[in-house]
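Worksheet for the structure shown next.
2 protein chains.
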Amino acid sequence: MAAKPNRSTRKRFKALFRVYLGDEIALGPGKAELLAHIGETGSISEAARRMEMSYNRAWLLVRTMNRCFKKPLVHSSRGGDQHGGAQLTKCGQQVLKRYRQLETKFAGAAREPLRDILSHLKD
Amino acid sequence: MAAKPNRSTRKRFKALFRVYLGDEIALGPGKAELLAHIGETGSISEAARRMEMSYNRAWLLVRTMNRCFKKPLVHSSRGGDQHGGAQLTKCGQQVLKRYRQLETKFAGAAREPLRDILSHLKD
């Protein structure tokens, strides 16, 4: 009862998309965000900082992605050294673009059923 | 590199959809599956058995759903007693149908970008 809470914060929806190769998560929301930050900053350590993630963790995620795909998604000029630069490869750019498309296309397709489900939730 | 593993099992994709009310998960894949089994079996305990879940756990999930939506999704004839029957309410049927639509519409919309991402994964 009390004051009516803000609807927009109380009712939320999350969609999570994950691609697996065997037991490994080749790509998911965290790895996609990391790719985007590496693309923007040209640096794994800066991307890690933006995500409040340790450099080691970010580097582990990059290694997992590079191992799962036919071609590396990230090229690091000094083999993971914090002070070297890093860029998305052409394959990395393509895979990130397609992952973003998954999210966008889902948002479009989901609009109607989602609106209906949310309308049944308490305010 | 030994025998080539089965592509269909090595490359996998998962999409997870969750609806929140405040901090509670009002609906997600597990709750949707539970609703479907309750609808089919007319029994929370039988639905729980099918999902290899304890009756208490299933009942907890049902209570959470019923609390989050404006109208209950499940009507249990003896207030959760194992031996009473249970049915999906009209609202429960509608919400489950819409959740399934989310999954179906996503599968359609995701086909092309997903095929491309998977084609970049190692075989």
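So the sequences go chain by chain: A and B. Residue numbers for the first sequence follow our numbering, beginning at 1 and rising by one. Residue numbers for the second sequence follow our numbering, beginning at 124 and rising by one. Where is the CB? At the ideal position from N, CA and C, for every residue including glycine. These numbers come from a predicted model, not from an experiment.
- B/T164 has its alpha-carbon roughly 24 Å from the corresponding atom of A/H120.
- The beta carbons of A/L35 and B/R133 sit about 22 Å from each other, so the pair does not count as a contact at 8 Å.
- Around the beta carbon of B/R238, fewer than 16 other beta carbons sit within 10 angstroms, so the residue counts as exposed.
- Contact fails between the stretch 228-236 of chain B and the stretch 211-218 of chain B, because fewer than three Cβ pairs, one in each stretch, are under 8 Å apart.
- Counting the other CB atoms within 10 Å of its CB gives A/S76 a total of 16 or more, which places it among the buried residues.
- By the C-beta criterion, the stretch 180-190 of chain B is judged not to be in contact with the stretch 221-229 of chain B, since fewer than 3 inter-stretch pairs fall below 8 Å.
- Chain B places a beta carbon closer than 8 Å to that of A/R98, counting this residue as a contact.
- Residue range E24 to L27 is occupied by the beta strand (DSSP E) that includes A/E24.
- Under the three-state reduction of DSSP output, B/K213 falls in the helix class.
- Taking all protein chains shown into account, B/R221 has 16 or more neighbouring C-beta atoms within 10 Å of its C-beta and is therefore buried.
- Residues R18 of the same chain have their beta carbon placed closer than 6 Å to that of A/G28, with the five preceding and five following residues left out of the count.
- Membership of A/L61 in the alpha helix (DSSP H) is indicated by the continuous run Y55 to C68.
- Listed in chain order, the positions of the stretch 140-169 of chain B with a beta carbon within less than 8 Å of a beta carbon of chain A are F140, R141, V142, Y143, L144, G145, A149 and L150.
- Counting the other CB atoms within 10 Å of its CB gives A/L73 a total of 16 or more, which places it among the buried residues.
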